[in-house]
Structure formats: C-alpha cells, structure tokens
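The opening position of the sequence shown corresponds to residue 28 in the working numbering, with each subsequent residue numbered one higher. Positions of the beta carbon are idealized from the N, C-alpha and C atoms, including for glycine. Taking it in order: structure first as structure tokens, then the write-up.
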Amino acid sequence: MSKSVRPFLPVVLSMALIFALFPTLSHATHSWGGYHWARTGNPFTLKLGDNVSRAWDSYLATTASDWTASGVLDATIVAGGAGKPRVCKATSGRVEVCSEKYGNNGWLGVAQIWISGLHITQGTVKLNDTYFNTTKYNKPAWRNLVSCQEVGHTLGLDHQDETFNNLNFGTCMDYTNFPEGGVHDLIDYGPSNDHPGGTVLGDSDYDELATIYWHLDGATTVKQSVNNKPSQANDGPVRLGTAQWGRLIRSTNHGRTELYELNLGRGKKVLTHVIWAEPEE
C-alpha cells in the first residue's frame, strides 16, 4: 500500500552525511505569512476546544503541553464548542479541534485559520479517523505529528520542510514518511518528528514562536468566554470538499502538501493547510 523509499547512497548514514556537507542549509524561518493572534500580553492563553474522540484525548493533551512549553502561550484544553465534529464549526477567539471519520477523501488532517489582516481570529483542526483507524496511520508517532502540526498552524507556524523522504528535522512541523525516525530501507531518517523542535536544520519552533509574538498588540483576538452563535465567516468552508477551501495557492510534493485561500472580502480570509495521506499504489 505504501510507497517504498529507495536509498540514495548505499550506507545507512547517507542522509546525515549529505546534510553535513551543506552547513549553509542550517537557517530557516517558518512563520506562516506573519499571521498571529492579537493579544496585549505574553504569555497568552489560547483555548483548544476538545471535539475529539477518546482515541485522541491523550494526543491532544500532549499537543497542548508541547506548545505550552514554548513559554509564549498557554494552550488550555476546554470543552468543545464546534457542534457536530463532522462540521467542526469555528468559535471566535479560540481553536476547535475535531476528529471524525471524514471519509476516503485523501487527507489526514486540515488546519484552518480565519484572519483579519494579519491577525488570526479563530481556527479549526480536523483529524480524519478514516485513515487513522488503518494500520499505517494508527500509530502514536503519526497521531502526535498530525495533531501537533495542525495546531501549530493555528498558532501561525508554517512547515520547516515539505520533503517526505529526507532527514527528519526533529519537529512536527516537518513532513516525513517516517515520523518515528530511525532506519528504513537502509536510510537513517534521524530523530522523530512527533513533537515541536527542529534543531537538526532550521530554527526551533519555540524560537520562531518567540519571533512571531515578540511584539504586543493594542487589542486582542483571543477570547476567554465562548459565544457559540455562528459567525458569517463560518458559513463558508465547513464542508469537506476542496472547492469549499477556495483557490489553491501552493502545492508541493506532487500535491501531497497544499495551501488554499478563501477571500471573504474586506481584508478577511480563510486559509487552509492540508496534509494528504500517502496515495495507494
């Protein structure tokens, strides 16, 4: 079912050797367009609405703890306010995290942020149990990677790397065929990619968050109270088809990583990051 990865050099240490020969690749920034939550102080509290099944509860808890460890924010899990997880309605001022059997539509996870200018006003994460109930993806490393990465997007982080079959960067913001790391098909993929990090190549995720949130805003888009009345922004991209995500503005790795934009007018947009499952042969 899964694609085999062919070694580029006939020794296990080939990937590490390649990167050792190119030290100039060691710097990277991975802010997602400068998008961030407006707030008047740091650290700020960002609520993660729990709309996931029991199978995801421990992974969501790990994700919240991992991003809280940045010191920039306090990711706090609260009761979900998204209604039916299949729809996963956004709630103003927080992130709703949902899991459901969304079907054989090709994607593992979807992260959406609603923005006004550069400020994030609300976000959602969808985790597709249709794939996570299969042998290939029903593994702690895959669940941690996708949960961590999609919530990371709602904080304003982009990917550190979008190549699946190279050395792992040691961060959930890096795509990989083997999030657990280690040796596969005679290639050493290095560290695991199931938590924030990124010290193999590039800036650490925590450093990047500190850069994104170094300044303060005169107002806040983070809300501590919950108003479940749907906003007009929620009327658009709640279905599962890509047409509801707007126009495709970035596609890499033969379409396995994609970014969509839906323009709502007056400086307001919905941006959607999609991680696609490995296609069947």
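Check                                                                                                                : Outcome
Sequence-distant residues of the same chain with beta carbon closer than 7 angstroms to N261, five excluded per side : The predicted model places N261 with a pLDDT of 42, which falls under 50 and marks its position as unreliable; any figure quoted below should be read in that light. Within the same chain, N261 has close Cβ partners K116, A117.
A270 burial status per 10 Å Cβ neighbour count (16 or more: buried)                                                  : exposed
Continuous beta strand (DSSP E) stretch holding T148: start and end                                                  : 146-155
Assigned secondary structure, Y86 (DSSP; H/G/I helix, E/B strand, else coil)                                         : helix
Continuous alpha helix (DSSP H) stretch holding R170: start and end                                                  : 167-182
As assigned by DSSP and simplified to three states, the class of A65                                                 : coil
Segment contact flag, the region 184-197 with the region 147-165, C-beta cutoff 8 angstroms, min 3 pairs             : no
Backbone CA spacing between P223 and G294 [nearest angstrom]                                                         : 31 angstroms
Residue nearest to V122 in terms of C-alpha spacing, selected from D221, L243, L87, T162                             : L87
Reduced DSSP category for W241 - H, G, I as helix; E, B as strand; rest coil                                         : coil
Boundaries (first-last residue) of the beta strand (DSSP E) holding Q271                                             : Counting along the chain, Q271 falls outside any beta strand (DSSP E), and DSSP gives it neither H nor E.
6 angstroms Cβ shell around F71 - same chain, five flanking residues per side excluded                               : L100, V249
For S231, the three-state DSSP class (helix, strand or coil)                                                         : coil
Expected contact under 8 angstroms - CB spacing of V173 and S126 to nearest Å                                        : V173 to S126, Cβ: 10 angstroms. No contact.
Contact belief for A237 with H146 at Cβ below 8 angstroms, rounded distance in angstroms                             : Their Cβ separation, rounded to whole angstroms, is 18 angstroms, which puts A237 and H146 out of contact at 8 angstroms.
Per-residue DSSP class, three states only, for D101                                                                  : strand
Inter-residue Cα distance where the pair is G133 and G209                                                            : 26 angstroms
Classification of G61 by the beta-carbon crowding that lies within 10 angstroms, buried from 16 upward               : exposed
Alpha-carbon to alpha-carbon, N131 and G68                                                                           : 42 angstroms
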